[in-house]
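Participant: Numbering (this note's numbering), first residue to last: 956 to 1335. Note that beta-carbon positions come from the ideal geometry of N, C-alpha and C, so glycine has one too.
#1: What number of angstroms, rounded off, separates the C-alpha of residue 1000 from the C-alpha of residue 1027?
#2: Output needed for residue 1150: all residues of its chain with C-beta closer than 6 Å, excluding positions within five of it in sequence on either side, in chain order.
#3: Write down the C-beta distance between residue 1013 and residue 1319 rounded to the nearest angstrom, noting that I regard them as a contact closer than 8 Å.
#4: Runs of 3 residues minimum, wholly inside the segment 1002-1072: which ones carry the beta strand (DSSP E) assignment?
#5: Please classify residue 1204: is it buried, with 16 or more other beta-carbons within 10 angstroms of its beta-carbon, or exposed?
#6: Please confirm if the segment 1233-1248 is in contact with the segment 1280-1289, defined as three or more CB-CB distances below 8 Å between the two stretches.
#7: DSSP has residue 1084 in a bridge; who is on the other side?
#8: Which of the three DSSP states, helix, strand or coil, is assigned to residue 1221?
#9: Of the choices 1294, 1252 and 1200, whose alpha-carbon is the least far from that of residue 1313?
#10: What ranges does the beta strand (DSSP E) occupy inside the segment 1085-1118, keeping only unbroken runs of at least 3 residues that lie completely in it?
#11: Starting from residue 1146, follow the beta strand (DSSP E) in both directions and report where the run begins and ends.
#12: Counting only C-beta atoms, is residue 1158 closer than 8 Å to chain C at any point?
#13: Tell me which residues share the same chain as residue 984 and place their Cβ nearer than 6 Å to its Cβ, disregarding the 5 neighbours each side in the sequence.
#14: Output needed for residue 1096: all residues of its chain with C-beta closer than 7 Å, excluding positions within five of it in sequence on either side, in chain order.
#15: So, is residue 968 buried or exposed, given that buried needs 16 or more other C-beta atoms within 10 angstroms?
#16: Per the contact definition of three or more C-beta pairs closer than 8 Å, is the segment 1247-1261 in contact with the segment 1205-1219?
#17: Quick check: what's the CA-CA separation for residue 1196 versus residue 1304?
#18: Identify the continuous alpha helix (DSSP H) that holds residue 1295 and give its terminal residues.
#19: Considering only C-alpha positions, which residue in the set 1135, 998, 1036 and 1054 is nearest to residue 1147?
#20: Around the Cβ of residue 1044, are there at least 16 other Cβ atoms within 10 angstroms (buried) or fewer (exposed)?
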């Protein structure tokens, strides 16, 4: 009945379903545990008439023209340049920390001296991970690195991950750089935008194809089982291709233990004012239990006397109680994942794709690129 079964209707699953259905004329079964498609990109219009992102803000940015052109077949774009600020000593300053930020947090003479030292040591436009700057032997750069580390980076990281920056992978800490420049945009990619009608509409247009059968509100265990090297679909042997985008430990019933993740409690609030803050997202590295507030009207402008904000409270992931958002990149977690990855090699018709299945962080363009590459590989 089906040539390909795909578990998970997020971006990875949707791209692969669309490619197999339209380019290879395969019959695809797309199975999704949630009651909606689009995964963590899911968005909807709330009671205030504002398009909100249910699982936190998703801002599309890429330098990959092929990915941009591919997604453009399923959506029109609304130009959007993301700006983030951080509350530091009572004032909101631009992130990533850049030369403009420098002049906001320090007196003029000190800011000019620090700027001069930065420009002598690093090329203009360069992004420097904070932990790299901390290794500098220059006294002024050490002072600056300690300030940024303490005021912007340390406590935010501890809230977000429940660990110190030194305990987690450099792939995570490198995502919070210092910019040697004056561009206040959070991203600097060639293409930056949000889908004009939202990510959910984009994904629906991808997967509403005659060759794709979608099952929502369905755990994959309800339709599919793996016994030894054999795959069973609806109780019968399945000889096609299985694409898995969920948590890899769940595919193997957590036989090597559960992989650790961080979760986030999302708290939406209606504010009875036209606007709440001057940037779409404001980080709170040192104050409150939440890490950041996003105001969605700043992403999707609409006329309204009210506005919707989202406060994010990071928390430990507990299976069955909340959602896994971020793989926890520790040495122990990597070692546990490797055991599952080795187990996966015994199933040549199964391909793990995406953030949860591959236990790594993907931006949206990265996961689309990954899915396109996997399709090309499996179709060769």
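Facilitator: According to the structure data:
#1: 22 Å
#2: 1030 and 1157
#3: 6 Å
#4: 1006-1008, 1015-1017, 1032-1034, 1039-1043 and 1046-1050
#5: buried
#6: no
#7: 1132
#8: strand
#9: 1200
#10: none
#11: 1146-1150
#12: Absence of chain C from the displayed structure is noted, only one protein chain being present.
#13: 957, 960 and 1168
#14: 1072, 1076 and 1088
#15: buried
#16: no
#17: 5 Å
#18: 1286-1299
#19: 1036
#20: exposed
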